[in-house]
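Just so you know, the protein sequences line up as chains A and B, in that order.
Position 185 of the first sequence, counting from 1, maps to 225 under my numbering, and the rest follow consecutively.
Position 13 of the second sequence, counting from 1, maps to 20 under my numbering, and the rest follow consecutively.
Positions of the beta carbon are idealized from the N, C-alpha and C atoms, including for glycine.
Only a predicted model underlies this, so the values are computations on that prediction, with no experimental measurement involved.
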Amino acid sequence: MELILFYIASGVALFATVFALTRSNATHALIYLIVSILAVAVIFFLLGAPFAAALEIVIYAGAIMVLFVFVIMMLNLGEAGTERERQRMHPAVWILPTVLSAVLLVEMLIVITKFDGAQTGALIGAKQVGLTLFGPYVLAVEIASMLLLAGLVGAYHVGRRFRLSEPSEEQDLSVIGPDSSTTDEVNS
Amino acid sequence: MDGLAIPLNHVLIVATLLFVTGLAGLMFRRNIIFILMALEVMLNAAALAFVAAGTAWQQADGQVIFMLILAVAAAEVSVGLGLVLQIQRRFKTLDMDQARRLNG
């Protein structure tokens with residue numbers, strides 16, 4: 041039974057990933073990518089790693105994907121916003137991610153009702169993970185914190201510099217290359 | 008595979024398929040947002056392999072590595088999306104073939 045659920049979740053994950061990387065619209069691709077991440081979280085749960093599944097949803101689908109959405113919003117998508125929004129609400133756009141998410145929801149309901157949680161093998165809970173993380177791996181935690189600090193500083197620097205020196209770069213652009221001045225390249 | 012209902016081989020096959028999908032997307036797409044998404048998919052596949060192996064040997068190490076992969080993915084995507092904004096400002100496009108020259 042768990043094996044069938046695992047195969048269904050794997051199929052959803054692969055299907056959604058292929059669709060995410062072949063879409064032409066970035067926001068549609070993000071929806072498929074979120075479905076793929078939810079499917080991988082279901083696989084984690086079936087494998088007996090509920091803490092990893094929760095982190096997958098909270099950090100990947102919650103934080104990183106929202107970062108993608110913010111950046112796509114900050115890019116200038118042009119004037120045809122309302123027309124594109126009307127196009128986006130077309131059922132052909134959202135029906136397939138909804139069906140894939142519904143499959144995952146049905147799987148989760150089956151797991152909750154039929155089993156007592158994940159009975160699919162060795163259950164490694166949050167306590168064991170925490171003991172291992174802050175026991176032998178405490179140096180890795182420190183290095184990860186330094187990596188996150190470097191990422192913070194790097195993102196601040198990269199995001200800050202163009203705003204200060206934007207006029208000179210604009211002039212440089214007009215000298216270097218007038219090619220490809222389309223602004224809504226998110227859709228390509 | 009002590010007590011694991013799902014065979015480790017099958018999970019590794021799924022992780023490999025996800026990784027290859029991400030790699031193909033990384034090579035075929037030229038939009039930098041899709042390139043970053045493909046990188047996320049590849050990191051996710053690697054994390055899946057780590058968690059599956061950690062469960063198969065009933066050790067928590069796999070999930071610890073999964074958390075480190077999460078930290079790497081968060082740092083990478085924050086810097087990468089900052090670069091996306093920078094490239095959009097400079098080249099007025101997200102096509103990476105326009106940005107293949109060094110020094111802009």
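### Query
With a cut-off of 8 Å, do at least 3 Cβ pairs link the segment 97–115 of chain A to the segment 67–80 of chain A?
Taking a cut-off of 8 Å on C-beta distances, the segment 97–115 of chain A touches the segment 67–80 of chain A, as three or more cross pairs fall below it.
### Task
Residues of the segment 48–69 of chain A with a CB closer than 7 Å to any CB of chain B: list them in chain order, please.
Flagged, chain order: S50, A53, L54, T57, V58, A60, L61, A66, A69.
### Message
Buried or exposed for I183(A), going by 16 or more other Cβ atoms inside 10 Å?
### Response
Of the other Cβ atoms in all chains shown, fewer than 16 fall within 10 Å of the Cβ of I183(A); this residue is therefore exposed.
### Query
If the cut is a Cβ gap below 8 Å, which residues of chain B does E182(A) touch?
Chain-order list of chain B residues neighbouring E182(A): empty, with the shortest C-beta distance near 11 Å, by a criterion of under 8 Å.
### Residue from A31(B), V48(B), M44(B), A56(B) with nearest C-alpha to H17(B)
Answer by Cα proximity: A56(B).
### Query
Given A137(A), which residues of its chain have a CB within under 7 Å of its CB, disregarding the five upstream and five downstream residues?
Looking at the sequence provided, one finds Pro at residue 137(A) rather than Ala. Same-chain partners within the cutoff: I71, Y72, V75.
### Task
Assign H17(B) to one of three DSSP states: helix, strand, or coil.
DSSP places H17(B) in helix when its eight states are reduced to three.
### Task
State the Cα-Cα distance for the pair A49(A) and V82(A), rounded to the nearest angstrom.
CA-CA distance, A49(A) to V82(A), rounds to 7 Å.
### Task
Evaluate contact between the segment 48–63 of chain B and the segment 141–153 of chain A, counting only Cβ atoms and requiring at least three cross-stretch pairs below 8 Å.
Short answer: they don't touch.
### Query
Between A45(B) and the rest of its own chain, which residues show a CB-CB distance below 7 Å, the 5 nearest in sequence each way excluded?
G29, G32, L33, R36.
### Task
Please name the residue in N38(B), A22(B), R97(B), I20(B) whose C-alpha comes closest to that of L61(A).
Considering only alpha carbons, the answer is N38(B).
### Message
Among V21(B), R97(B), A67(B), V91(B), whose alpha-carbon lies nearest the alpha-carbon of L173(A)?
### Response
Ranking V21(B), R97(B), A67(B), V91(B) by Cα distance to L173(A) puts A67(B) first.
### Message
Does the CB of T23(B) have a neighbour CB from chain A at under 8 Å?
### Response
Answer no: the Cβ-Cβ gap between T23(B) and chain A never drops below 8 Å.
### Neighbour list for R36(B) in chain A, Cβ cutoff strictly below 7 Å
Residues of chain A passing the Cβ test: L61.
### Query
Hey, quick one: how far does the alpha helix (DSSP H) through G89(B) stretch, first residue to last?
Note, G89(B): alpha helix (DSSP H), 68–98.
### Beta carbon of F46(A) nearer than 8 Å to that of L95(A)
Contact flag unset, no.
### Message
For the alpha helix (DSSP H) containing Y100(A), name the first residue and the last one.
### Response
That residue, Y100(A), is in no alpha helix (DSSP H); it is neither H nor E in DSSP.
### Task
Please report how far the alpha carbon of M113(A) lies from the alpha carbon of L192(A), in whole angstroms.
The straight-line gap from Cα to Cα measures roughly 20 Å.
#### Entry: 7 Å CB neighbourhood of A106(B) in its chain, flanking five on each side removed
Result list for A106(B): I94, F98, in chain order.
### Message
Taking 8 Å as the threshold (beta carbon to beta carbon), is M44(B) in contact with chain A?
### Response
Yes - at least one Cβ of chain A is within 8 Å of the one on M44(B).
### Task
Have a look at W134(A) and A56(A) and give me their C-alpha separation to the nearest angstrom.
Each residue's alpha carbon lies about 13 Å from the other.
### Query
What does V133(A) reach in chain B if we use C-beta pairs closer than 9 Å?
Those do not exist, as V133(A) stays about 17 Å from chain B at its closest Cβ, beyond 9 Å.
### Query
Going by alpha carbons, who is nearest to T23(B) out of I40(B), F41(B), A59(B), I42(B)?
Comparing Cα positions, the closest option is A59(B).
### Message
Any heavy atom of the ligand GDP closer than 7 Å to the beta-carbon of L173(A)?
### Response
In terms of ligand content, the structure shown is empty, and the ligand GDP therefore cannot be addressed.
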